[in-house]
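Data first, discussion second: the structure below is written as structure tokens.
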Amino acid sequence: MSPSIELRRLSTDQEDGYGQSVAQYWSRFFKHHSSPNSNYRVIPLTGQQQKFIQNSISTAKYNLFSFLPKFLFEQFRKYANIFFLFIALMQQIPNVSPTGKYTTLVPLIFILTVSALKEIFEDIKRHHADRKVNNTPTIVFSRLKSIFLQTKWKKLKVGDLVLVKRGQFFPSDLVIFSSNEPNGICYVETANLDGETNLKARSAIRLIDEICSVDKHGVKDISIENLHRKNLFSSVIHCDLPNKELYEFNGKLIFDGDEYAITSENILLRGAKLRNTEWALGCVIYTGHETKLMMNSSKKAILKQSNVEIMCNRQIFALLGILIVICLISAICSVIWSQHNRSHWYLTELQSQMTANFFLILLTFIILYNNLIPISLQVTLEMVRFIQALFINNDLEMYCDESDTPAMARTSNLNEELGQVRYILSDKTGTITRNVMEFKKCSIDGNIYDETKFDRLIKIVRHKQSGWEKINEFLTLLSVCHTVIPEITQSETGPKYIYQASSPDEAALVKGAQKIGFEFLQRTSAKVMIDAMGEIVKFEVLHILPFNSDRKRMSTIIRNDSSQIKIYTKGADSIIQKRLSTDSLIEFTQTEVNLTTFATDGLRTLCCAYRVINDDYYLDWEHRYNKAILMSASTPEEKNLRDQRLNDIMSEIEDDLTLLGATAIEDKLQEGVPQTIETLMRAGIGIWMLTGDKLETATNISYSCRLLKNIQNLNSYHIVKNEDIEETRKSLFSAHAKLKEYSDNFTLIIDSKSLSYCLQMPLRPIFMDLALKCRSVICCRVSPAQKAEIVDAVKKSTNSITLAIGDGANDVAMIRAAHVGVGISGQEGLQAVYSSDYAIAQFRFLSRLLLVHGSWSFSRVSKLILYSFYKNIALYVIELWFASVSAWSGQAVFERWSIGLYNVIFTAGPPLVIGLFDRICSAEMMLNNPELYQEQSNIFSIKLFWFWIASAIWHSLVLFWMTYMAVSHDALWLNGWADGGYLCFGNILYTYVVITVCLKAALETNCWTWPTHLAIWGSIASWFLFIWVYSKAWPTLPIGADMANIDRIIFTTSVFWIGMAVIPLMALLVDIIIKLVTRTCFKSLTDRIVELELAKKMQQQPPASFSERARLLINNFLPAGRELPPSPSQRSSPTLVKSARLPSCSSDLERDALHGYSFSQEERDPSDAVSHSKVICMYNTRLLG
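The UniProt record's numbering applies: residue 1 is where the sequence shown begins, and numbers increase by one.
Quick look at the structure:
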């Protein structure tokens, strides 16, 4: 198995809560072996290194010996399982359980067995995958034989020299010593680590590369002689202790008394693949579970729990309290009855025992009533959520053909949360836009050049016209100041190079320079080569000062052919402006105007600048820079100090710059974004756009994607862009005043600095009060940390569900902070996807994910939970009513196995089909009427939960007392010779309960499918089949002696059949009346949409005959001016038909049903009356020939 599969599997496994167990256990166990000094690891290359952990990995949860204790521990961390285990144990006490010894134990064992089989199946797959990875072959250097030998990954040790060939994965974390490329450079693909498919360059320390390799006839090869002769094995590596930071590494190589810095640029990580390089030699520094891949994969995922589940758990505790109260009341009543009924001589001994053992009486009633809390709810819920996640994964409407990417539910615990989202916080670049960048314009010396004027730039440089030096430097900067890696293509007609870049912006700038004649050709660890309008120019790369979200710039220090040292810097205009020389600041005024023009056009902008550096200054700076790199970073405090020192030194040389110009890159909107945003807003969802772009760029994109309307009044949005906290406060109050006037259509736009003030405590309540009332909020120039802080602020300021969506590493914190995180698999890798709960390929799929799958899942899960509690309470509260007529004896009215199988067989089907197939209306109607999404927010509430509980209690009352009265005369047969005993009464009552709860499921079902019919009617049939088989079991089988021939007893009395027709109907009569009244007199939007869908279906049917109901539906819900979707025959017709043609013999009723009445307009408000002529004009009276 490849590490890519390994990582994906690990990313999924981490959500189980076991992720940290194996890795962290071994990491802690071996921690004292890392080094005598606990702050860093010492790795001697002598082959006699200290003991470190092996390179074998284990991602399995269990082994043969640990399975049972671990599994049981995990299962009984759930409160419900502990409760039912307690009941099962109490049932084993003699003469205590009224329901037998096994009625709770058997269902509990069944549920645990199903869970165990699932765990075993999944863990066997993990064991097989681990074995395959651990036995992967690799090549290691044998110091004893002085040759390279093949071995397995699991046998590698820290300090080994490993040879990796092209296309292979690195078996552990390595420090690169050499490669076949000049200067020990190699190219790696880290898609399995961070999802980025672009190639990254890694390089060896130059001295070590020279020792390890030799040039043989122009081909670089490994020199085994040099390895021994030059005492490489006497060197020592000092490095960080194992950690999960993929992009950070601090270490040094001590060789012959000299120290050489080792950074992340010299590290090859397990899981990465060697590309475009024939071989690479490296030294193992971390193995097994201490590699960065495994430490990231094994980190504990943030536990997110759905709002429905939280509310449900609270109500379970409330029900548990009610259960204890009922048990106490029943036990007290039992004692009181015994004390007041001493005349029953045959109960004397029993009464004395009961009075003396109140606890046993209480225990009896706890066992009797325990199933008020449904034992099967958790398993049913997990099964339903899992299948709902499969529905999301297999939805072809959310499959992207372009990237061959389906939607993916990375967790199933939050399906219902998708149906309750009230705020979406979205990244812009790569999420709303395509993140496919194209170089469109540039500004040089205050002049704007677009694509049509690029030829003019070429002409100026070639002919060395006025200003050509600055243009030349500008284009040189674009082709040199980057980390792009060129790949040579075999194409004869297309481009000669494919540029692998860490971000689409960098690739766009390099391609832009290529368009104008400055083509980037080659990169090594020390040099870059470009083709400057036909002239090959080489630059020595001295240092690359990297980009990060705090610096917002990157720089490259180079030495040209004239030995002149220059620094090229590109970054955000607000950052570059502060670092310009005095002369350049004057020139920046016109460039700033051009930048605003670019931003208004929705283009992404960067500023470019350079500086010539004195040799002496550079040598001094380089010395201090290298010294800072070698600073200890073994503790967080030391690391922060080192980072701050490096930033200060880098900022020092990036000063007094000369402005060269600015670039403008286009990033187009993704397909369907405006329509999706409009749909989500109609669903009552507030949308916040969080972007690092300039305010003008963000505003322009907001118009394009309809966050801002083109017709929006200037006063209906407000920009907060202030330099101090007091000005920001005033701006917020001004925005509040505007909001009162445009409350339905107000947008707030705020920049990073003002936002930082607004997120501080004095302004935070004012800002959140304003922002949460806005139609949309646009935050500009925000950092990744601010994104997460905004999400946290929205969560704390409202009880609503938040959703964060993004595509890049800078969105990870935001995605993990939100209630629901959605990752987009875009151009910036898969880091956002790895941290998300759900993954989609494009933003437009978000509307279907929320409005269809979210609404359906929320409705289904809510109804499943409510129905599960309902059916249990409807049955088990009957035991309370029976206790009141059976001397509070604790006798169960139902046969023990009937009780045990109630949740497992007889009522298991209806909640399953409700949770999987029920829906209010079709996906098309949900998307066309997003207002339905907002209306469904009240589908699960505390009030509704207790309404269902009350309904269950009412049904139990009607079922018990009507059945009790029906058999109270003790004559169930015409001859009147017997009453059949309490089990006859109990089984008749049980039959009515099963029928009632199944019919209740039918009454609550909105969508009927064949599984629905099978589950509801099959459940009723299964009870009849069971009672028929069970009553025949004795004496063939030693079970059910009390139930012998019970089928003949109850099926031969007319009272049973008459009661079956009447009593369940009477129990459900109130429910039926409530539904009829609400759907007739108090129609919700949902009811109207459902009827509209039904009317459309009727309209599309052949117009043979229409009922009065159909006519009323169509006239009420399809106004005459509304266009209907074409029928299949109309879709195939070449002519567009807006009014269906009826046969000449059609009745007036049919014509009325199709067209409506011409005078229906008179029912409008008189002030809105439409003239008869206008009504006629709204019809298309053209008939087909």
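A virtual CB, placed ideally from N, CA and C, is assigned to each residue, including glycine.
Bear in mind the structure is a predicted one, so any value in this text is a computation, not a measurement.
- Measuring C-alpha to C-alpha distances from residue 112 to each of 137, 135, 70 identifies 70 as the nearest.
- For residue 137, the enclosing beta strand (DSSP E) stretches over residues 137 to 142.
- With contacts defined as CB atoms closer than 8 Å, residue 927 and residue 676 fail to qualify as a contacting pair.
- Look at residue 1008 here: in three-state DSSP terms it is coil, with no helix or strand label.
- A buried status is given to residue 59, since no fewer than 16 other beta-carbon atoms sit within 10 Å of its beta-carbon.
- With a beta-carbon spacing of about 6 Å, residue 665 and residue 505 fall inside the 8 Å limit used to define contacts.
- Contact between residue 203 and residue 266 holds, with the beta-carbon distance rounding to 7 Å and staying under 8 Å.
- Under a 10 Å Cβ-count criterion, residue 497 is classified as buried, with 16 or more other Cβ atoms of the shown protein chains found around its own Cβ.
- By the criterion of a C-beta distance shorter than 6 Å, residue 672 is surrounded in its chain by 844, once the five residues flanking it on both sides are discounted.
- The beta carbons of residue 1089 and residue 929 sit closer together than 8 Å.
- Partner residues in the beta bridge of residue 554, as assigned by DSSP, are 570.
- About 4 Å separates the Cβ atoms of residue 683 and residue 933, confirming a contact at the 8 Å cut-off.
- Along the region 345 to 404, the alpha helix (DSSP H) occurs as fully enclosed runs of 4 or more residues at 348 to 356, 358 to 369, 377 to 393, listed in sequence order.
- Put simply, the region 561 to 571 does not touch the region 523 to 530. Fewer than three CB pairs are less than 8 Å apart.
- By the criterion of a C-beta distance shorter than 8 Å, residue 773 is surrounded in its chain by 739, 743, 746, once the five residues flanking it on both sides are discounted.
- Beta-bridge partners of residue 661 (DSSP): 444, 608.
- The C-alpha of residue 893 is placed about 58 Å away from the C-alpha of residue 426.
- Of all alpha-carbon atoms in 962, 1073, 1027, 906, the one lying nearest the alpha-carbon of residue 1051 is that of 1027.
- Annotated as proximal: residue 330 and residue 880, with beta-carbon spacing under 8 Å.
- By the criterion of a C-beta distance shorter than 7 Å, residue 198 is surrounded in its chain by 500, 501, 502, once the five residues flanking it on both sides are discounted.
- Collapsing the DSSP output to three states places residue 945 in a helix.
- DSSP links residue 421 through a beta bridge to 801.
- When DSSP reads this structure, residue 151 sits in a beta bridge with 138.
- For residue 451, the closest C-alpha among the options 413, 512, 475 is that of 512.
- For residue 909, the enclosing alpha helix (DSSP H) covers residues 909 to 917.
- For the 8 Å CB-CB criterion, residue 838 and residue 229 do not form a contact.
- About 20 Å separates the beta carbons of residue 858 and residue 374, which is beyond the 8 Å limit, so they are not a contact pair.
- In the three-state reduction of the DSSP assignment, residue 439 falls in the strand class, which pools E and B.
- Between residue 820 and residue 418, the gap from beta carbon to beta carbon is short of 8 Å.
- The residues 628, in chain order, have a CB closer than 6 Å to that of residue 646 in the same chain once the five nearest residues on each side in sequence are set aside.
- The continuous alpha helix (DSSP H) containing residue 636 extends over residues 636 to 653.
- Ranked by Cα distance from residue 840, the first of 867, 520, 806, 864 is 806.
- For residue 255, the uninterrupted beta strand (DSSP E) run begins and ends at 251 to 255, by DSSP.
- By the 16-neighbour rule on beta-carbons within 10 angstroms, residue 650 is buried.
- DSSP places residue 229 inside the alpha helix (DSSP H), whose first and last residues are 224 to 229.
- Per DSSP, residue 232 has no beta-bridge partner at all.
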